[in-house]
């Protein structure tokens, strides 16, 4: 499996550290049901069989956090974005050349 | 037919003409008392103990492929009960006791070999941690011995004791641990369950759960709908997919772990050995191949195959430990799917759907658990409440703050 880092280019997955599903968002700690929301946020996963948006950290490269769209059946990677761009809503996902 | 030395001689004299299939190729009926989804070791063991211990024989085991074609056929066959935390020690020790009596219980040779499990330590701190684990085991009535460097060197003289970075200081040994023949475990449980009237239905994939007013009513399958008041799910690797059919989200991620077997060689190692400085473990099969593995790949996947960096990492660990391994060729290499839970401990429990029971989250340690998993799951299904041995393996333990985190890693499944 190789990941195309938007900064460093195509690299083997041994350069990256995996952090899991990118879709959960941190609940409001002041919310009325914060206890339940946090338990779900920390412990429950969709664990999809198919495309998943997930976080990878380029530890042996540019130290960027990336949002990678990868198929959990085929390991095919279709999109890679900087996580900061996703957080800022800045750029649309760049499709990986196929 | 009950297997015996006499039946073996009789069949040999008749040219093996009269052996019957070990289990029937059952067709699905319209309704059962209990349906078990998943014809692996755990599902078949559950069916066996439902019939044997609880008198429930109107039971079907549904398997999407052929029995034992999933993780039951993809593991490295190790059995042990060398845990640190009491719920795990007691559960896996019960499994070890069932292993010790399994062949007479099933009338089937599952090749249990108590050749010993050796965990090496490489520093003073690791020795202290292993001494603590050994003491925890002994307090729970499990055998454990702490060996020093001279003792382990006498047992395994061919390892690299003077590795500059990770010298071997000693080992924790569980002599009752060892290996069993994974396929035979599946076949033995299948045959024993079949003989008590359980229907084993292969090539029958569950595509949906029938739920009415919060109660399970049956399952939808590729071979039609089947009614049942109780359904037990034992599909580790795919638990999240089955749970999603009931609208449940699981504290589970699917991961892959890779395993390897070398060309067959003469007897080289007579125990199960683990490296304490990397993640690497090895034993020798009765055919002579060295069976080994290490870390999981670390990312979510349903692919049943891994990537090369993990292969390299595992083999580096192996050669650092045992330099002679570098002369062998790897013959086969494969991947199996893991239900990695958020605390590294399994789940055997009821679900919020009445009559729907869950057995999963086995991480990378499901094979050794097979007998106790089936035994406890059968109890939970038959009585509607967990046995004391699986009372801690609750689905709601995460939100309740009662996690059983053997490795102390927190909710990061790829680190357990």
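Protein chains in written order, with our numbering: chain L, 1 to 98; chain X, 1001 to 1416.
Beta carbons are placed, not taken as given, at the ideal position from N, Cα and C, and that holds for glycine.
For this session: Enumerate in chain order the residues of its own chain whose CB-to-CB distance from residue 98(L) is below 7 Å, with the five nearest sequence positions on each side excluded.
Result: Because the pLDDT at residue 98(L) is just 42, under 50, the model does not fix this residue reliably, and the value given afterwards should be weighed accordingly. Counting only Cβ-Cβ distances below 7 Å, and skipping sequence neighbours, we find nothing.
For this session: Compare the Cα-Cα distances from residue 1170(X) to each of 1187(X), 1269(X), 1192(X), 1145(X) and report the closest residue.
Result: 1145(X)
For this session: Note down, one range per segment and in chain order, each beta strand (DSSP E) of at least 3 residues found wholly within the stretch 1272-1337 of chain X.
Result: 1272-1275, 1280-1284, 1289-1296
For this session: Return yes when the Cβ of residue 1259(X) is within less than 8 Å of the Cβ of residue 1293(X), no when it is not.
Result: yes
Exercise. Can you pull the DSSP bridge partners for residue 56(L)?
Worked result: 18(L), 66(L)
Exercise. Whole beta strand (DSSP E) runs in the stretch 1331-1391 of chain X with 3 or more residues, listed along the chain?
Worked result: 1347-1350, 1356-1360
Exercise. Per DSSP, what kind of secondary structure is residue 98(L) in: helix, strand or coil?
Worked result: In this prediction, residue 98(L) has a pLDDT of 42, which is less than 50 and means its spatial position is unreliable; nothing more can be read from the coordinates.
Exercise. Taking Cβ-Cβ distances shorter than 8 Å, what residues in chain X pair up with residue 76(L)?
Worked result: Simply none; closest approach about 10 Å.
For this session: Can you tell me which of 1168(X), 1194(X), 1313(X), 1081(X) puts its alpha carbon nearest to the alpha carbon of residue 1052(X)?
Result: Per the C-alpha coordinates, the member of 1168(X), 1194(X), 1313(X), 1081(X) positioned closest to residue 1052(X) is 1194(X).
For this session: Within the same chain, show all residues whose beta-carbon is closer than 7 Å to that of residue 1205(X), passing over the 5 residues directly before and after it, in chain order.
Result: 1064, 1221, 1222
Exercise. For a contact meaning CB atoms closer than 7 Å, what does residue 1299(X) contact in chain L?
Worked result: 18
Exercise. Residue 1121(X) bridges to which residues according to DSSP?
Worked result: 1170(X)
Problem set entry | Cβ of residue 1303(X) within 8 Å of any chain L Cβ | yes
Exercise. Taking 8 Å as the CB-CB limit, is residue 1241(X) close to chain L?
Worked result: yes
For this session: State yes or no: is the C-beta of residue 1256(X) within less than 8 Å of the C-beta of residue 1384(X)?
Result: no
Exercise. Exposed or buried, residue 1148(X), counting other C-beta atoms within 10 Å across all chains shown (16 or more means buried)?
Worked result: exposed
Problem set entry | Residues near residue 1023(X) in its chain [Cβ-Cβ closer than 6 Å; skip 5 each side] | Taken in chain order, the residues that qualify are 1190, 1191, 1194, 1200.
For this session: Kindly indicate which three-state DSSP category residue 46(L) falls into: helix, strand or coil?
Result: DSSP, read as helix, strand or coil, puts residue 46(L) in coil.
Exercise. Within the 8 Å Cβ cut-off, does residue 44(L) reach chain X?
Worked result: yes
Exercise. Is the CB of residue 12(L) under 8 Å away from at least one CB in chain X?
Worked result: yes
Exercise. Is it true that the stretch 1099-1113 of chain X meets the stretch 1171-1182 of chain X, where meeting means three or more beta-carbon pairs spaced less than 8 Å apart?
Worked result: yes
Problem set entry | Sub-8 Å separation of residue 1367(X) and residue 1078(X) beta-carbons | yes
Exercise. By DSSP, does residue 1015(X) sit in helix, in strand, or in coil?
Worked result: coil
Exercise. With 8 Å set as the bound, which would you pick, yes or no: does the beta-carbon of residue 84(L) sit closer than that to a beta-carbon of chain X?
Worked result: no
Problem set entry | the stretch 1037-1046 of chain X / the stretch 1232-1243 of chain X touching (three or more Cβ pairs under 8 Å) | yes
Exercise. Which residue comes first and which comes last in the alpha helix (DSSP H) that contains residue 86(L)?
Worked result: For residue 86(L), the enclosing alpha helix (DSSP H) stretches over residues 83-88.
For this session: Identify the continuous alpha helix (DSSP H) that holds residue 1043(X) and give its terminal residues.
Result: 1041-1054
For this session: Check residue 1225(X) in the structure and name its three-state DSSP category.
Result: Strand at residue 1225(X).
For this session: Taking residue 73(L) as the query, report the chain X residues whose CB atoms sit under 7 Å from its CB, ordered along the chain.
Result: Within chain X, 1302, 1303 have C-beta atoms less than 7 Å from the C-beta of residue 73(L), given in sequence order.
Problem set entry | Residues of the stretch 45-57 of chain L with Cβ closer than 9 Å to any Cβ of chain X, in chain order | Sequence-ordered contacts of the stretch 45-57 of chain L with chain X read 45, 46, 47, 48, 49, 50, 52, 54, 56 [C-beta pairs closer than 9 Å].
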